[in-house]
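Protein chains in written order, with this note's numbering: chain R, 1 to 117; chain H, 1001 to 1117. Glycine included, each C-beta is placed from N, C-alpha and C at the ideal position. Right, one structure below, let's go through it.
There are 2 protein chains.
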Amino acid sequence: MLEKRAYLILLFDFYGALLTEKQRLMFDLYYQYDLSLGEIAQEQNISRQAVYDIIKRSENILEEYENKLQLVNRFQNNKEKLQTALLLIKEIAIIENNNMTNLSELKEIIKDVINEN
Amino acid sequence: MLEKRAYLILLFDFYGALLTEKQRLMFDLYYQYDLSLGEIAQEQNISRQAVYDIIKRSENILEEYENKLQLVNRFQNNKEKLQTALLLIKEIAIIENNNMTNLSELKEIIKDVINEN
Chain R
1 MLEKRAYLIL LFDFYGALLT EKQRLMFDLY YQYDLSLGEI AQEQNISRQA
51 VYDIIKRSEN ILEEYENKLQ LVNRFQNNKE KLQTALLLIK EIAIIENNNM
101 TNLSELKEII KDVINEN
Chain H
1001 MLEKRAYLIL LFDFYGALLT EKQRLMFDLY YQYDLSLGEI AQEQNISRQA
1051 VYDIIKRSEN ILEEYENKLQ LVNRFQNNKE KLQTALLLIK EIAIIENNNM
1101 TNLSELKEII KDVINEN
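Written as structure tokens, this is what we have:
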């Protein structure tokens, strides 16, 4: 289970394009740039409460999309399966004394897919 | 590149939950149950034109979501990468005379992820 913050950033990565520009900006400043509500308020010249409301609303929208679509959930499940696949490759590599180039290629592909998610 | 029909069904699989119940029903009858516009019209007791409009509108909505989110595209890319991974496993299996149980397990996991997408 991801912690709340990481989970919201993941949701944003998937569904962020469905937020308004303003929502995206506030979310980004708060979650990705790690600014405080006060700092964002000052920088954007709006009230701290307004910043809070926009971010809360953005979170709700992202969560609603995930509730309906479950695509982050699907990606996460696949990611876990591929982590298991990587462990199996490691086991095979040990048996094979790590001398198969195909195996490292295989590992790279799977890692690539995992990181894309 | 998928043919149009298969592509729309894939989009529906991802974003269908964002359509209204009526849109989902019409889309389903037309694309998954393969009924004609006329048959759907008769069954639903609305005009053929109305059925056509609802389905066209649904297609547009699904395509708009994909344009914004690109999640089907992402899944398809990952799927292709994993197909390559499967080919590599096949090569390894030939070298190893197909006698590693880990390999078949590995194959099953990757197939599982591919089919989920």
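Item                                                                                                     : Value
Coil, strand or helix - Asp1034(H) by DSSP                                                               : coil
Separation of Arg24(R) from Lys1111(H), as counted between CA atoms                                      : 36 Å
Cβ of Phe12(R) within 8 Å of any chain H Cβ                                                              : no
Contact belief for Glu96(R) with Leu103(R) at Cβ below 8 Å, rounded distance in angstroms                : 7 Å
Interface flag, Ile1009(H) vs chain R, CB-CB below 8 Å                                                   : no
Inter-residue CB distance, Val72(R) and Glu66(R) (contact presumed, cutoff 8 Å)                          : 5 Å
Straight-line Cα distance separating Leu1062(H) from Phe1012(H)                                          : 7 Å
Any C-beta of chain C under 8 Å from that of Asp34(R)                                                    : In the structure shown, chain C does not exist; the protein chains are R and H.
Min CB distance Ala1041(H) to chain R below 8 Å                                                          : no
Distance between Arg48(R) and Gly38(R) (C-alpha atoms, nearest Å)                                        : 6 Å
Cβ-Cβ distance between Ile9(R) and Met26(R) below 8 Å                                                    : no
Per-residue contacts from Tyr1025(H) into chain R (C-beta, under 7 Å)                                    : Note on identity: in this sequence residue 1025(H) is Leu, with Tyr being the wrong assignment. In chain order: nothing, as chain R lies at least about 17 Å away.
Rounded C-alpha distance that separates Glu1059(H) from Phe1014(H)                                       : 13 Å
Limits of the unbroken alpha helix (DSSP H) element including Asp1053(H)                                 : Arg1048 to Leu1069
Minimum C-alpha distance to Lys1056(H) - residue among Glu1116(H), Lys1068(H), Glu1108(H) and Arg1005(H) : Arg1005(H)
Beta-carbon gap between Val1113(H) and Leu82(R) smaller than 8 Å                                         : yes
Within 8 Å, strictly: CB atoms of Ile1109(H) and Ala85(R)                                                : yes
Residue-chain proximity (Thr84(R), chain H), Cβ-Cβ < 8 Å                                                 : yes
Distance, Tyr1033(H) Cα to Asn1077(H) Cα                                                                 : 28 Å
Chain H contact residues for Lys68(R), given Cβ-Cβ distances below 8 Å                                   : Ala1017 and Leu1018
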